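*Asks:*
Residue numbers (the UniProt record's numbering), protein chains in the order written: chain C, 1 to 375; chain D, 1 to 202.
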């Protein structure tokens, strides 16, 4: 099972000090956070994509490439890449380059994005969001898998004899996760192609996440990719920890109460009671995270939102230390207990490459180790 | 037949709830005379005030609000009653329908009612409630009931009873005509639409 963090990249005033980081500070802090995530032994760092203030990550592959150069092991992903407003040819190119630069430590999470104005900025129409998702993704898959692509769609100019350059590393496309908060169509899309489904879980009661994941698992099996239990599931979550539970609550409360996403809504207590948010000791975080398995089954990837709501960099780095030292080692051990042998791990470049070779002529080029070094 | 009664009264006891109870009693007796059994459930909006506002501000839908949505979605018909505020429904009543997931009210038979201080607000039913429920693709029963404070006094109580009975008779006939309501599953509909799209690229 993979553990990691996902950032939204919000620039938010720290309500306890009044300090608002500059965009430069926030971007550099994001790099420090990613490096710390690797140092703390996490498996994945993922960044969102936003095109409006107060968010800074408008160019995820630029950011991820810079992080790739400063790390060795951690998988770099997005959370999410907008499949609707980005051109699929450009997505294919950007991620191919990132794959080569990072030595295959790359996957991608696709989403539609949900702010209306972003569509016209990129020449699209929000009313086409779902058809754009399907058409763009259909093209992206072909660009990564076929040497020469002739393609015709309704929402983009056609391609004749197009070849993606560079080709994906080892001819293995990045593993794709489809992310959704509340859209069943996305679960269907992931199931249809046998891709991963990431339920961004953070604002929703367990019952909702359960039904979305059940739908995806059922449809994954329907399309012949394996049993429902073998479908590839990821979950979001968010935590704030201090050794002493009360310290965590009192320190996090002003951030929660003023955060753009939570603020002036339900109380911290109501929100923690009915969503995955955990504010407390590492033991409480462990207990709650393990409970996710009760309603989604054995799953493959758990990402935590750690650096939001104006929390200072120093605090975020402390959180990552606690996560890496006290939480994730226990979660790895406990999630392995009772996990059926035929439930796959999250696909990586190495595992996809092995699968590809066993499909064709078995041969080794010696670069399919679990955690490839950048080449 | 499952009836869900949505009431937006803010006080306890509430004249809005009182009108809702009387409408339910009248509709139930009409239906029972016709051999139907009635299974009522109530959604009181006052205790949902904070959850409704949370859903508006942060998109967060707690369990209690989810339960209320399910009670509405499972109904064969609705009786909805709001106090009249400033020539319209109350903001809380409107907000509940603003956060109710899309499509739940499609082809839902609805009996509308309102209460208010004076009978001068009677038309709130026709210029506020009826257009909103039409917009939501509900089937709004032809006769609606407005009860002013004076209606609850002993002098004119009889007139209110007559209006309730007449509206209940209309609504019972509408419910029987519509029969048990096919439960819409928005998720399944979305998935079906997605399958069609995916069929186009496979």
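Quick reminder that beta carbons are idealized off the backbone N, C-alpha and C, glycines included. Bear in mind the structure is a predicted one, so any value in this text is a computation, not a measurement.
Suppose you measure from the CA of residue 82/D to the CA of residue 107/D; what does that come to, to the nearest Å?
*Replies:* Going from the Cα of residue 82/D to the Cα of residue 107/D covers about 21 Å.
*Asks:* Our contact map puts residue 310/C next to residue 15/C with C-beta atoms below 8 Å; I'd like the distance itself, whole angstroms only.
*Replies:* The Cβ separation is near 6 Å, so the contact holds.
*Asks:* Leaving out the 5 sequence neighbours to the left and right, which residues in its chain are closer than 8 Å to residue 32/C when beta-carbon positions are compared?
*Replies:* Here the set comprises 313, 317.
*Asks:* Using a beta-carbon distance cut-off of less than 7 Å, what residues from the UniProt domain "NADPH-dependent FMN reductase-like" (1-149) of chain D approach chain C?
*Replies:* Answer in chain order: 54, 57, 58, 59, 60, 62, 63, 66.
*Asks:* Where DSSP assigns a beta bridge to residue 109/C, which residues make up the other side?
*Replies:* BP columns for residue 109/C point to 177/C.
*Asks:* For residue 133/C, does the three-state DSSP call read helix, strand or coil?
*Replies:* Helix.
*Asks:* How long is the line joining the alpha carbons of residue 125/C and residue 308/C, rounded to whole angstroms?
*Replies:* Computed Cα separation, rounded: 30 Å.
*Asks:* Would you verify that the beta carbon of residue 119/C is, or is not, closer than 8 Å to some beta carbon of chain D?
*Replies:* Closer than 8 Å: no.
*Asks:* So residue 83/C and residue 42/C are supposed to be a Cβ contact under 8 Å. How far apart are they, rounded?
*Replies:* The pair is not a contact, with the Cβ atoms about 26 Å apart (cut-off 8 Å).
*Asks:* Touch check for the region 276-293 of chain C and the region 55-68 of chain D: three-plus C-beta pairs under 8 Å?
*Replies:* The answer is no - the region 55-68 of chain D does not touch the region 276-293 of chain C, with fewer than three Cβ pairs under 8 Å.
*Asks:* When DSSP labels each residue in this structure, what does residue 202/C get in the three-state scheme?
*Replies:* The answer is helix: DSSP assigns residue 202/C an H, G or I state.
*Asks:* Is residue 387/C close to chain D? Criterion is C-beta to C-beta, closer than 8 Å.
*Replies:* Because residue 387/C is not part of the residues shown, which for chain C are 1 to 375, the question remains open.
*Asks:* Could you tell me which of 222/C, 246/C, 209/C, 347/C sits nearest to residue 292/C, measuring between CA atoms?
*Replies:* Among 222/C, 246/C, 209/C, 347/C, the Cα nearest to that of residue 292/C is on 209/C.
*Asks:* Note down the Cα distance separating residue 71/C from residue 11/C, rounded to an integer number of angstroms.
*Replies:* Using only the alpha carbons, I get a separation of about 24 Å.
*Asks:* Which same chain residues end up closer than 7 Å to residue 274/C when comparing Cβ atoms and leaving out the 5 residues on each side of it in sequence?
*Replies:* Taken in chain order, the residues that qualify are 205.
*Asks:* Can you pull the DSSP bridge partners for residue 5/C?
*Replies:* Residue 5/C pairs with 45/C, 304/C.
*Asks:* Along the region 289-317 of chain C, what residues have a CB closer than 7 Å to any CB found in chain D?
*Replies:* For the region 289-317 of chain C, which is checked against every Cβ of chain D, not one residue is closer than 7 Å.
*Asks:* Tell me where the beta strand (DSSP E) around residue 89/C begins and ends.
*Replies:* It is not in any beta strand (DSSP E) - residue 89/C instead sits in the alpha helix (DSSP H) that spans 88-102.
*Asks:* Just the C-alpha distance for residue 149/C and residue 182/C, rounded to the nearest angstrom, thanks.
*Replies:* So the alpha carbons of these two residues sit roughly 33 Å apart.
*Asks:* Looking only at its chain, what residues have a beta carbon closer than 6 Å to the beta carbon of residue 236/C, apart from the 5 residues adjacent to it on each side?
*Replies:* For residue 236/C, where only same-chain residues beyond five positions count, the Cβ hits under 6 Å are 200, 201, 202, 303.
*Asks:* Can you find a CB in chain D that lies within less than 8 Å of the CB of residue 189/C?
*Replies:* Answer yes: the Cβ-Cβ gap between residue 189/C and chain D drops below 8 Å somewhere.
*Asks:* Determine the burial state of residue 182/D: buried for a count of at least 16 other Cβ atoms within 10 Å of its Cβ, exposed for fewer.
*Replies:* The residue in question, residue 182/D, is exposed, as its Cβ has fewer than 16 Cβ neighbours within 10 Å.
*Asks:* Under 8 Å, CB to CB, which of the residues in the region 193-210 of chain C have a partner in chain D?
*Replies:* Cβ contacts with chain D: 203, 204, 205, 207, 208.
*Asks:* Since residue 285/C is in the alpha helix (DSSP H), which residue starts that stretch and which ends it?
*Replies:* Where residue 285/C is concerned, the enclosing alpha helix (DSSP H) stretches over 282-296.
*Asks:* Mind checking whether residue 76/C and residue 35/C have CB atoms under 8 Å apart?
*Replies:* Result no, Cβ atoms of residue 76/C and residue 35/C do not sit closer than 8 Å.
*Asks:* Taking the alpha-carbon of residue 95/C as reference, which of 143/C, 294/C, 123/C, 56/C has the nearest alpha-carbon?
*Replies:* Considering only alpha carbons, the answer is 143/C.
*Asks:* Thinking C-beta only, is residue 91/C closer than 8 Å to residue 44/C?
*Replies:* In this structure, residue 91/C does not lie closer than 8 Å to residue 44/C by Cβ.
*Asks:* Determine the direct distance from the alpha carbon of residue 124/D to that of residue 86/D, and round the result to whole angstroms.
*Replies:* Going by the C-alpha atoms only, they are around 9 Å apart.
*Asks:* Rounding to the nearest angstrom, what Cα-Cα distance links residue 244/C and residue 319/C in this structure?
*Replies:* The alpha-carbon atoms of residue 244/C and residue 319/C are separated by roughly 13 Å.
*Asks:* Mark residue 52/C as exposed unless 16 or more other C-beta atoms lie within 10 angstroms of its C-beta, in which case mark it buried.
*Replies:* It counts as exposed.
*Asks:* Below 8 Å, how does it come out for the region 18-29 of chain D and the region 112-129 of chain D: are there three or more Cβ pairs, yes or no?
*Replies:* A contact exists between the region 18-29 of chain D and the region 112-129 of chain D.
*Asks:* Identify the residues that DSSP records as bridge partners of residue 27/C: which are they?
*Replies:* DSSP, once it has assigned bridges, lists no residue as partnering residue 27/C.
*Asks:* 8 Å is my cut-off, CB to CB: does residue 50/C come that close to chain D?
*Replies:* It does not: the Cβ of residue 50/C has no partner Cβ on chain D nearer than 8 Å.
*Asks:* If you follow the beta strand (DSSP E) that residue 150/C is part of, which residue opens it and which one closes it?
*Replies:* Looking at the DSSP string, the run of the beta strand (DSSP E) that includes residue 150/C is 149-151.
*Asks:* Give the range of the beta strand (DSSP E) segment to which residue 111/D is assigned.
*Replies:* Unbroken beta strand (DSSP E) run through residue 111/D: 109-116.
*Asks:* Which residues in chain D have a C-beta closer than 7 Å to the C-beta of residue 264/C? List them in chain order.
*Replies:* Within 7 Å Cβ-Cβ: 57.
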